[in-house]
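Residue 0 is where the sequence shown starts when you use numbering that gives the first Met the number 0, and the numbers rise one by one after that. Below: the structure, in structure tokens.
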Amino acid sequence: MGKSFDSPKVQVLKGLQGLLKEIPCSLLYDDRGSELYEKITELEEYYPFRVEEQRLKEHARNISASIPEGSVIVELGCGTARKSSIVLSAVQAHYKRCRFVGIDVSSSFLQEAHTNLVEEGIAPDCIEMVECEYMEGLKKVRTMYPTANLCIMWLGSSVGNFTDECAIQFFRDIHAAVGTHSQIFLCADMWKDTAKLYSAYYDKKGVTELFIKNGMRCALALLGHNTTPSEEDAWIYEVVVNEDLRRVEMYLKFTNELLLPEYNIHVRSGERVLVEVSRKFTVGDFNRLANEAGFHIDVAWRDSMWGMQMLIPFK
Ligand code: AVI
């Protein structure tokens, strides 16, 4: 796949011109994709969302105690802040005060997040929202708070959708944007029973299939190719739980060929395009990743289903 610093269109081109075809998973989250993802989080089979919320509730007190007093809690892609509010309430109870900055590209999410946090009892004058891409947002927050410890929350196990190379670069970019007075608090899904993984990504209602097809539609639209419903019906959704790479792979198999000669793209009938991967970590996998990115794991809360970790940059 193209590198994440390529434009989305270049990433799509590189991904579809290669031998093993793929598209960048960042394209899954247009408005329709975000709506479908919300529906995925409500599916019976999709355990990650619920488990993460439960674990945050169980460990909120200990998590808050690992965030130094006076820290600014910054959430990347805060959405409606439903999960971060669990930690924020605990921080407020622990220190009698908490300061929060939500970063998101969606202004409607930021407004909703603000309302939700106030409803949860977070003092309105302690909440700020920054409508931005992540790194730009982090640089702004560092300018707003030049000396405070920044606790950067990255929830939702999104690290699972990154390759090692991209995740390492992402952590390094965070470090470069905010410096050493910072920590990252994130959740990562752990490797588990393959049948459980398969059904989480191949749900009976077919919502994940629609989500994946929507991503492919967005990718092709970037190349000026608007797909028809019958073209999309000919894409078969396939899920592979790859035990060697410890990841769930979500493919679309094309049963009709796709020819875009102006871009040198030819997806043959029967060929699969990898649309998304969701990695599931072991403790060792995650330790290696953090280490290579220049962070060490300070505290972790883990069980066989889920893992949450606090990362601190090496001095
Ligand atoms: C956002 N991310 C952590 C989800 C996951 O589980 O990898 C995206 C997703 N794709 C299909 N279902 C959910």
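We treat Cβ as the ideally placed atom computed from N, Cα and C, and that holds for glycine.
Residues near residue i in its chain [Cβ-Cβ closer than 8 Å; skip 5 each side]
i, result
"Tyr46", "Lys195, Ala199, Met304"
"Phe313", "Gly293, Phe294, His295"
"Glu119", "Ser84, Leu87, Ser88"
"Asp29", "Asn213, Cys217"
Environment of residue i [buried if 16+ CB atoms lie within 10 Å]
i, result
"Pro316", "As shown, the chain starts at 0 and ends at 314. That puts residue 316 outside it, with no answer to give."
"Phe159", "It is worth fixing the name first, because residue 159 is Gly in this sequence and not Phe. The residue is buried, with at least 16 neighbouring Cβ atoms inside 10 Å."
"Thr142", "exposed"
"Asp302", "exposed"
"Pro315", "In the structure as shown, the chain begins at 0 and stops at 314. Residue 315 is therefore absent and cannot be evaluated."
"Ala112", "buried"
"Lys279", "buried"
"Glu41", "exposed"
"Thr79", "buried"
"Gln110", "exposed"
"Arg216", "buried"
"Ser156", "buried"
"Asn235", "The amino acid occupying residue 235 in the given sequence is Ile; Asn does not appear at that position. Its Cβ having fewer than 16 others within 10 Å, Ile235 is exposed."
"Leu19", "exposed"
"Phe48", "buried"
"Ser25", "exposed"
"Glu164", "exposed"
"Glu242", "exposed"
"Glu57", "exposed"
"Ser277", "buried"
"Glu37", "exposed"
Same chain, Cβ closer than 6 Å to residue i, five either side skipped, listed in chain order
i, result
"Arg98", "Val71, Cys125"
"Glu231", "Lys212"
"Arg60", "Ala89"
"Leu149", "Val71, Val73, Val177, Ser181"
"Leu137", "Ala176, Val177"
"Asn201", "The sequence as given places Tyr at residue 201; Asn does not occur at that position. So the list reads Val238, once near-sequence residues are dropped."
"Leu257", "Val266"
"Gln168", "none"
"Lys8", "Leu221"
Short Cβ contact (8 Å threshold) for residue i with residue j
i, j, result
"Thr193", "Val240", "yes"
"Ala147", "Ile22", "no"
"Glu43", "Lys82", "no"
"Met152", "Phe184", "yes"
"Trp190", "Arg245", "yes"
"Gly76", "Asp103", "yes"
"Leu222", "Tyr250", "no"
"Leu12", "Tyr262", "yes"
"Gly214", "Glu275", "yes"
"Ala122", "Gly306", "no"
"Leu116", "Ile85", "no"
"Asp297", "Leu288", "no"
Supposed close pair residue i, residue j - CB separation, criterion 8 Å
i, j, result
"Gly32", "Glu74", "Not a contact, Cβ separation roughly 20 Å."
"His93", "Ser65", "Actually they are not in contact, since the Cβ atoms of His93 and Ser65 sit about 10 Å apart, beyond 8 Å."
"Ser268", "Phe253", "6 Å"
"Asn255", "Ala233", "5 Å"
"Phe210", "Leu27", "6 Å"
Cutoff 7 Å; reference residue i; Cβ partners in own chain excluding five residues on either side
i, result
"Val90", "Ser63, Ile66, Ile72, Cys97"
"Gly17", "none"
"Thr179", "Pro312, Lys314"
is_contact[residue i, chain D] using C-beta, thresh 8 Å
i, result
"Gly69", "Judged by its chain identifiers, the structure shown contains no chain D, having just a single protein chain."
Problem - the region 129–143 in contact with the region 171–187 per 3-pair CB rule at 8 Å - result: yes
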